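Report on the structure given below.
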Amino acid sequence: MGCSRSLFAAPSVNLLTVIMLLSVVLLPDVQSQTKCDKAPHLTIEAPQKIEALEGSCLQIPCSFKKKPDKE
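Take the sequence shown: its position 55, counted from the start at 1, is 56 in the numbering used here, and no numbers get skipped.
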C-alpha cells in the first residue's frame, strides 16, 4: 500500500482568520471603553482560503493598512 496525501482546506486556518479579524474589530471597542479618544482604523487583506497538508505549519500572508483620516 502506498502513502497518499490529499490537499484540503484546513478548518483551523479559517478559524484563525476569523479570530484575527474579530480581534481587530473588537479592539477599537475595548479602547473606547477605556476612554481613548481615537481608535485605530485598519484595513486587513488576507486570503479567504488556504490549502495545506494535514499537520503542516502555515504562514498566512496578510497586510494591515491604516485607513486615511476623514477630514
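We treat Cβ as the ideally placed atom computed from N, Cα and C, and that holds for glycine.
Predicted model only: the values in this text are computed from it and were never measured.
Checklist entry - Does the beta-carbon distance from ILE45 to CYS63 come in below 8 Å? => result As a working note, residue 45 is residue 44 in the sequence shown. As a working note, residue 63 is residue 62 in the sequence shown. Yes, these two residues count as a Cβ contact at 8 Å.
Checklist entry - Based on the DSSP output, what are the partners of LYS66 in its beta bridges? => result Here residue 66 refers to the residue found at position 65 when the sequence shown is read from its first residue. According to DSSP, which records beta bridges pairwise, LYS66 is partnered with THR44.
Next on the checklist: Between the alpha carbons of SER7 and SER57, how many angstroms are there, rounded?
Outcome noted: Walking along the sequence shown from the start, residue 7 turns up at place 6. Walking along the sequence shown from the start, residue 57 turns up at place 56. Model confidence at SER7 stands at a pLDDT of 47, short of 50, so the residue's coordinates are unreliable; what they give is reported in the following sentence. Roughly 12 Å separates the two Cα atoms.
Checklist entry - Are there 16 or more other CB atoms within 10 angstroms of the CB of LEU16, so buried, or fewer, so exposed? => result Numbered from its first residue, the sequence shown carries residue 16 at position 15. Label assigned to LEU16: exposed.
Checklist entry - By how many angstroms is the C-alpha of ILE61 removed from the C-alpha of PRO69? => result As a first step, residue 69 must be located in the sequence shown, where it is residue number 68. As a first step, residue 61 must be located in the sequence shown, where it is residue number 60. So the two alpha carbons sit approximately 25 Å from each other.
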